[in-house]
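Presented below is the structure to which this report refers.
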Amino acid sequence: MQIGSEDSTTVMSGIVMSGMMSGANNQVNPQPAGTATPDDRPASTPPAFSSADIKFVKEDRIVFAAPGANLRFKAMENGIDLYTFGGKMMNCGGYGQCGTCVVDIVEGAENLSPRTEVEDRKLKKRPASCRLACQTLVNGSVSVVTKPAKSR
Ligand code: FES
């Protein structure tokens, strides 16, 4: 154990504390308290967190999700009802087999994962804006209509 050495480095219990004992360099941050802003970060610093917001139009709700979140999962997690009566009684649990988790994407379709072959098969009679929520990953802001009418 070394305390108060000449180079003002103090080692206590294996922790190196530089300048703590000298009194000359005790000021860690020369700025007055409360003056640092996020703009002080270097330009290359990535944002701390990015999110995708999912607007459920009929329910008038906005749900925040991490990019890559499954649309069906986020809806269910937030109490958004995706299923009509038949879908509630019998759905495949998110495996793309029943076609009952249909949603209509009214904004931000470009922020979703590409439509899968399963969706192409299950949604043949639906408009191109329809997706199976269980097969859809959200990467940015979208607006979603749940339980869309079969014909538009
Ligand atoms: S839950 Fe069955 S296809 Fe999505």
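Per the numbering used here, the very first residue in the sequence shown carries number 3; after that it's consecutive. For every residue, glycine included, the Cβ atom is placed at its ideal position computed from N, Cα and C. All values derive from a computational prediction rather than experimental measurement.
- Taking the C-beta atoms as reference points, residue 68 is found no nearer than 9 Å to residue 113.
- The residue from 148, 124, 116, 89 with its alpha-carbon nearest to that of residue 70 is 116.
- Among the bridge pairs identified by DSSP, residue 57 is matched with 64, 145.
- Setting aside the 5 residues that flank it on each side, residue 86 is surrounded in the same chain by 102, 149, each with a C-beta closer than 8 Å to its C-beta; the list follows chain order.
- By the neighbour-count definition (other C-beta atoms within 10 Å, threshold 16), residue 130 is an exposed residue.
- Counting every other CB atom within 10 Å of its CB across the protein chains shown gives residue 58 a total of 16 or more, marking it as buried.
- When distances are taken from the beta-carbon of residue 95 to the heavy atoms of ligand 1, the shortest one is below 8 Å.
- Here residue 133 carries a strand assignment [DSSP, helix/strand/coil].
- Rounded to the nearest whole angstrom, the CA to CA distance from residue 77 to residue 124 is 20 Å.
- Remark: C-beta atoms of residue 105 and residue 73 approach each other more closely than 9 Å.
- Residue state for residue 151 is assigned as coil, using DSSP reduced to three classes.
- Residue 73 carries a helical assignment under DSSP once its states are collapsed to helix, strand and coil.
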